[in-house]
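Remarks on the structure that follows.
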Amino acid sequence: MNIRQASVEDVTGIANVHVASWKTTYAGIMPDGVLQNLCVTEREKMWEIVLTKYKDQTAVYVATTEDGTIIGFASGGKEQTGKFDIAAELHTIYLLEAYQGQGIGRKLFLCVVEDLQTKGYKSMMTWVVKNNPATKFYESFKPECIAEEYVEDLQVDEVAYAWRDLHKTISENSD
């Protein structure tokens, strides 16, 4: 398994993991219609924009098998709402179900955190679906819970976690 910075050539692999991960992670949590309407082509368009137009402002990393197949990814950048006194946001972190629980997500998380810190960000937050089985993953990094809200479109409750000192987050979690 390898982790590297993503490039525009990774758009299809990232989109495939994005859709597949949503379908397994959120089955029984989000309405079936939401999951059935997910489209790889739409995700490809979204990731192409992120990896071209916003490539200097975001941190996007992929996890690959030895043959180069993308099995997971994570991304972060500027906090999007401006509602919080937090500089950056972990936008996504997804792994194919078969690769979860092997420490790959932890490595992806830390790659994004280190990249964001290099870009000058001192703090970071993320939104997590409350009933998401991966909630314990986020909690293992000792975040502060800063908000909760209901997302009408997805019909789920989300919780916002924050890390106010990225340097500390890295030093406490590096191998």
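Sequence positions in the sequence shown follow UniProt numbering and run 1 to 175. Virtual Cβ for every residue (Gly too), placed ideally from N, Cα, C.
Item: Are there three or more Cβ pairs, one per stretch, closer than 8 Å when the region 119–126 is compared with the region 72–92?; Value: yes
Item: On the DSSP bridge list, what partners appear for Asp157?; Value: Tyr150
Item: Would you tell me roughly how many angstroms separate the C-alpha atoms of Glu144 and Gly13, rounded to the nearest one?; Value: 32 Å
Item: Once you ignore the five residues that flank Ile170 on each side, which residues in its own chain have a CB closer than 8 Å to its CB?; Value: Leu110, Val113, Glu114 and Gln117
Item: Starting from Ser21, trace the alpha helix (DSSP H) both ways and give me its first and last residue.; Value: Val11 to Thr25
Item: Out of Val34, Ile3, Val40 and Ala15, point me to the one whose CA is closest to Glu152's CA.; Value: Val34
Item: Excluding the five sequence neighbours on either side, which residues of its own chain have a C-beta within less than 7 Å of the C-beta of Trp22, listed in chain order?; Value: Leu35 and Leu38
Item: What did DSSP end up calling Ser75 once you bin it into helix, strand or coil?; Value: strand
Item: Using C-beta distances below 7 Å, list every residue in its chain close to Met125, excluding the 5 sequence neighbours before and after it, in chain order.; Value: Glu79, Phe84, Ile86, Glu89, Ile146, Ala160, Tyr161 and Ala162
Item: Let me know the secondary structure DSSP gives Leu116 once reduced to three states.; Value: helix
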